[in-house]
Structure formats: structure tokens, C-alpha cells
Amino acid sequence: MDVMGYAAQSATDALAPFSFERRDPRHDDVVVDILYCGVCHTDLHLARNHGGFTTYPLVPGHEIVGRVREVGDAVSRFKVGDMVGVGCMVDSCQQCKPCLKGWEQDCAEGPTFTYASIDRHDGTPTCGGYSDTVVVTENFVLALPDGLDPAGAAPLLCAGITTWSPLHRWNVGEGSKVAVIGLGGLGHMALKLARALGADVTLFTRSSGKEEDAFRIGVNHVVLSSDPAQMAVVAGRFDVIIDTVPYDHDVNPYMPTLTLEGVLVLVGYMGPLGTPVNAGGVVRGRRAITGSFIGGVPETQRMLDFCGKHGIVSDVEIIPIQQINEAYERMLRSDVKYRFVIDIASLKS
Ligand code: NAP
Ligand code: ZN
Ligand code: ZN
Numbered sequence: 333m334d335v336m337g338y339a340a341q342s343a344t345d346a347l348a349p350f351s352f353e354r355r356d357p358r359h360d361d362v363v364v365d366i367l368y369c370g371v372c373h374t375d376l377h378l379a380r381n382h383g384g385f386t387t388y389p390l391v392p393g394h395e396i397v398g399r400v401r402e403v404g405d406a407v408s409r410f411k412v413g414d415m416v417g418v419g420c421m422v423d424s425c426q427q428c429k430p431c432l433k434g435w436e437q438d439c440a441e442g443p444t445f446t447y448a449s450i451d452r453h454d455g456t457p458t459c460g461g462y463s464d465t466v467v468v469t470e471n472f473v474l475a476l477p478d479g480l481d482p483a484g485a486a487p488l489l490c491a492g493i494t495t496w497s498p499l500h501r502w503n504v505g506e507g508s509k510v511a512v513i514g515l516g517g518l519g520h521m522a523l524k525l526a527r528a529l530g531a532d533v534t535l536f537t538r539s540s541g542k543e544e545d546a547f548r549i550g551v552n553h554v555v556l557s558s559d560p561a562q563m564a565v566v567a568g569r570f571d572v573i574i575d576t577v578p579y580d581h582d583v584n585p586y587m588p589t590l591t592l593e594g595v596l597v598l599v600g601y602m603g604p605l606g607t608p609v610n611a612g613g614v615v616r617g618r619r620a621i622t623g624s625f626i627g628g629v630p631e632t633q634r635m636l637d638f639c640g641k642h643g644i645v646s647d648v649e650i651i652p653i654q655q656i657n658e659a660y661e662r663m664l665r666s667d668v669k670y671r672f673v674i675d676i677a678s679l680k681s
């Protein structure tokens with residue numbers, strides 16, 4: 333089927349209109365008319381080849397909400413008209429230990445990502461949600477709970493699950509003390525989810541001026557990370573720190589703010605840290621630096637259901653797709669409140 337979208341043709345070209353084909357639905361496929369797609373900082377990393385492995389053309393987008401247009405004859409959980417979500421993955425081997433545990437993101441063969449991957453059955457490149465239609469195997473389609481605003485729910489499919497998964501892994505609940513580094517897409521979801529789980533939540537930000545928004549989101553305390561005096565006040569406080577910073581940064585100043593056996597979870601940056609980690613910061617107090625990668629399909633559904641129950645959505649700025657390049661520039665300046673979401677209807681204008 334013919335699909336309209338937006339693609340990057342190189343690391344330096346602006347994203348521009350792009351037509352391409354998607355497969356006709358296989359027996360277990362769901363065809364989704366895309367309504368909204370969130371704009372993740374990963375889209376920008378991939379479009380601009382920050383990792384050095386992007387192939388072009390690249391159609392980004394992995395925070396997809398839409399309505400089912402058609403289903404294959406073996407599909408049992410979805411029907412035409414259902415509101416659904418599609419996140420960072422569209423397939424995996426479904427047989428390895430991680431897959432059987434519902435940790436498809438860590439599939440032994442590597443999951444098939446929503447874009448910038450190769451379809452494991454027909455060998456074609458996968459294309460993301462900056463487009464009007466997506467075709468996905470049923471097992472990777474999420475049910476959107478009733479009552480959630482579809483535009484606000486789109487970022488739950490990546491920013492939501494990426495922060496929900498470590499909050500659960502590290503047992504955040506009533507009485508936990510959680511800090512989040514960076515008030516962007518992932519950061520604001522981490523703060524909302526941790527708060528809804530019953531934690532006392534603190535924002536570490538390098539941007540003065542975000543305090544008012546942070547308190548509106550429900551943050552209990554804001555610490556300007558560039559101010560050593562403010563950092564000293566929170567020494568020994570946090571059980572869990574979720575670090576969403578997208579670029580190389582020094583993690584050492586945050587370590588003394590962890591409590592005994594506290595953990596700092598890297599979710600933002602995946603490259604080499606330029607400033608060596610001071611071993612003393614982890615040895616003293618049995619503290620740990622760890623990481624977390626998106627989350628599995630079953631836990632994504634649990635996160636969506638939790639958000640449905642608690643009325644949690646992302647704070648979004650809805651844009652027409654024609655403004656995507658400007659949105660990337662604003663994201664680089666940390667000028668996002670707090671997730672751009674593309675109204676896919678704008679593709680037709
Ligand atoms: P975002 O909306 O741009 O937010 C990042 C925030 O980090 C900014 O708002 C800013 O907050 C802070 N920040 C930005 N640059 C910084 C720097 N150089 N030093 C210190 N702080 C900085 O980005 P996002 O969409 O949340 O994504 C964050 C990162 O997570 C990206 O690298 C993305 O690729 C990655 N990611 C990882 C996973 C995973 O599975 N682990 C999944 C999705 C995304 P303040 O202004 O408040 O300081
Ligand atoms: Zn993402
Ligand atoms: Zn697998």
C-alpha cells in the first residue's frame with residue numbers, strides 16, 4: 333500500500349515529504365491509520381546520525397497512536413475501529429528467554445525496531461510513525477485505554493514505558509524518594525509516573541525557569557544541578573535517580589545524593605562517558621550506576637492501563653508535520669513543553 337510520510341535523506345538534510353510502500357497485511361498483522369506521533373530525542377539522534385549507523389531514507393517516529401483500519405485473518409485481539417498504540421518495537425523472535433519473559437526489548441536476536449530496522453520476514457527496512465499508516469504484527473500492538481486523550485497518550489509509548497520500566501525494576505512506591513535528571517520528554521513522564529506511584533519526587537535541572545512547570549506537574553522539590561549549595565542540601569537522599577540527559581555528562585556530582593544502596597539509572601545517553609566515574613562514589617554506600625532500555629510489551633500494556641486508571645498523559649505541544657525541523661531545533665535547546673506530538677492529519681495539507 334502507498335503511504336505518505338516525512339523522511340530524512342541524510343544527516344544534514346531537513347526532513348521532507350516522502351512517499352513509500354508498506355506491505356499488505358500478513359495473517360497476524362494490524363493496519364493502523366496513524367492519528368498522532370510523538371517526537372522523541374532518539375528520532376533526532378537517528379535522523380542526524382549521532383550513533384554513526386543510520387541508513388537513509390529514514391522515516392522516524394515510535395510513539396504512535398491510531399485507529400485500526402484492517403486486520404489479518406489470524407488477528408484475535410483487535411478489530412476495525414479500535415484505538416491502539418505502537419511503540420519502539422514491531423517484532424522480535426518470540427522464542428528466546430527474554431522474549432518469553434516479555435522482555436522483547438532484549439530479544440537475543442535483537443528486536444525489530446519500529447524504524448531503522450529490517451523486517452525479519454521480508455527483509456525490507458522498517459519505517460516509523462511520521463507517516464499516515466503503519467502495519468504491525470498483532471503481538472506488538474497495544475490497546476489504548478478508554479478516556480485517555482490520544483495526542484497526550486502517544487508519548488507514553490516510548491517516554492512513558494522507558495521511565496516506567498526502571499521505576500518498577502527498582503521498586504518505586506509509597507515513600508520512595510526519586511529524582512529525575514532533565515525536564516524533557518522522558519523526564520516529565522518519569523516525574524508524573526513516580527509521583528503517581530506514591531514517591532516523593534525531585535527534579536534536577538540545569539535550566540532555571542522550569543520550576544513553575546515542575547511544581548504544576550507535581551514535583552515536590554527542584555534542584556538546580558549547576559549550584560553546588562543546592563546539590564549539598566540533597567546529599568544522601570534518593571533511592572533512585574533516573575538520568576534522562578541525552579548527551580555526555582558528568583554523573584559524579586549526583587552520586588553523593590543517593591542513599592545507602594541507591595541506584596542511578598542511565599536511560600538518556602548510551603555512549604562513552606567522558607568524565608571517568610569516581611569509584612569512591614559507588615564503593616561508599618554500596619551505590620550503583622545501572623541502565624534501562626525501553627520496556628517489554630506486557631509491561632507497556634500495564635503502564636498504559638495504569639495511566640488510564642490515573643488519567644496520566646504527557647504534556648504535549650501539538651504540531652503540524654511541516655514544523656518538524658523547527659521542533660528538532662527547539663528540542664536541542666531544551667525548549668519543549670514537554671513533548672512535541674505531530675498531528676498526522678497535517679500530512680494531507
Ligand atoms: P528531551 O525531551 O530533549 O529532554 C532531555 C532533557 O535533558 C532536556 O530537557 C534537558 O533538561 C536535559 N539536557 C539536555 N541536554 C543536556 C545536556 N547536554 N546536559 C545536561 N542536561 C541536558 O529528550 P528525551 O526525548 O526525553 O530523550 C532523552 C534521551 O533519552 C535521548 O538521548 C533519547 O535518545 C534517550 N532515550 C532512551 C531510551 C531508552 O530506552 N533508554 C528511550 C527513549 C529515549 P533540563 O533543561 O531540565 O536540564
Ligand atoms: Zn523514543
Ligand atoms: Zn527473542
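So the sequence shown is residues 333 to 681, counted in this note's numbering.
C-beta atoms are modelled at their ideal positions from N, C-alpha and C, and glycine is treated no differently.
Coil, strand or helix - residue i by DSSP
i      : result
TYR368 : strand
LEU378 : helix
ASP532 : strand
ASP345 : coil
PRO652 : strand
LEU605 : coil
LEU636 : helix
LEU476 : coil
PRO630 : helix
LYS669 : coil
SER463 : strand
THR576 : coil
PRO319 : For residue 319 there is no data in the structure shown, the boundaries of the chain being 333 and 681.
GLY484 : helix
GLY600 : coil
C-alpha distance - residue i paired with residue j, whole-angstrom precision
i      : j      : result
ARG569 : ASP667 : 29 angstroms
LEU378 : LEU515 : 21 angstroms
ARG538 : VAL673 : 24 angstroms
GLY393 : ALA564 : 39 angstroms
LEU341 : PHE350 : Correcting the residue type first, residue 341 is Gln in the shown sequence and not Leu. Looking at the two C-alpha atoms, the distance is approximately 9 angstroms.
GLU441 : HIS453 : 13 angstroms
ILE493 : SER624 : 10 angstroms
GLY461 : ARG527 : 29 angstroms
CYS425 : PHE410 : 21 angstroms
GLY530 : MET333 : 46 angstroms
CYS369 : GLY479 : 18 angstroms
ASP356 : VAL363 : 9 angstroms
ASN471 : ARG662 : 35 angstroms
LEU518 : THR495 : 7 angstroms
TYR586 : GLU631 : 28 angstroms
TYR601 : GLY383 : 11 angstroms
ASP559 : PHE536 : 10 angstroms
THR446 : LEU489 : 11 angstroms
LEU401 : MET336 : Checking the displayed sequence, the identity of residue 401 turns out to be Arg instead of Leu. Going from the Cα of ARG401 to the Cα of MET336 covers about 16 angstroms.
ASN610 : LEU592 : 17 angstroms
CYS428 : CYS439 : 7 angstroms
GLY627 : VAL615 : 29 angstroms
GLY612 : VAL418 : 42 angstroms
ALA455 : MET421 : The question names Ala, but residue 455 in the sequence shown is Gly. Their Cα atoms are separated by approximately 16 angstroms.
PRO389 : ASP345 : 11 angstroms
GLU543 : ALA491 : 21 angstroms
ASN381 : PHE638 : 35 angstroms
ILE573 : TYR338 : 36 angstroms
HIS642 : PRO477 : 11 angstroms
VAL629 : VAL599 : 18 angstroms
GLY376 : LYS433 : The question names Gly, but residue 376 is Leu in the sequence shown. If you take the alpha carbons of LEU376 and LYS433, they lie about 31 angstroms apart.
VAL555 : ARG671 : 22 angstroms
PRO578 : ASP365 : 31 angstroms
Beta bridge counterpart(s) of residue i as assigned by DSSP
i      : result
ALA448 : Paired residues: none, contrary to the question.
TYR338 : PRO349
PRO585 : In DSSP, PRO585 forms no bridge with anything.
ALA570 : The residue you asked about is not Ala; residue 570 is Phe in the sequence shown. Per DSSP, LEU590.
ARG399 : ASP365 and MET415
VAL595 : VAL572 and ALA620
ASP675 : TYR368 and PRO652
THR469 : ASP361
PRO443 : BP columns for PRO443 are empty, so no partner.
PRO457 : ILE450
Curious, which full-length alpha helix (DSSP H) runs of at least 4 residues does the stretch 403-441 contain?
-> Taken in chain order, the unbroken stretches of alpha helix (DSSP H) that lie wholly in the stretch 403-441 and span 4 residues or more are 429-432.
Beta carbon nearer than 7 angstroms to a non-hydrogen atom of ligand 3 | Counting only residues whose CB is nearer than 7 angstroms to a non-hydrogen atom of ligand 3, the list in chain order is SER424, CYS425, GLN426, GLN427, CYS428, PRO430, CYS431, GLU436, CYS439, ALA440 and GLU441.
In chain order, what residues place their C-beta within less than 5 angstroms of a heavy atom belonging to ligand 2?
-> The set of residues with CB atoms less than 5 angstroms from any heavy atom of ligand 2 reads, in chain order, CYS372, THR374 and CYS490.
Which runs of the alpha helix (DSSP H) spanning at least 4 residues fall entirely within the stretch 496-557, listed in chain order?
-> Runs of alpha helix (DSSP H) with 4 or more residues, each lying fully within the stretch 496-557, are found at 517-528 and 543-549, listed in chain order.
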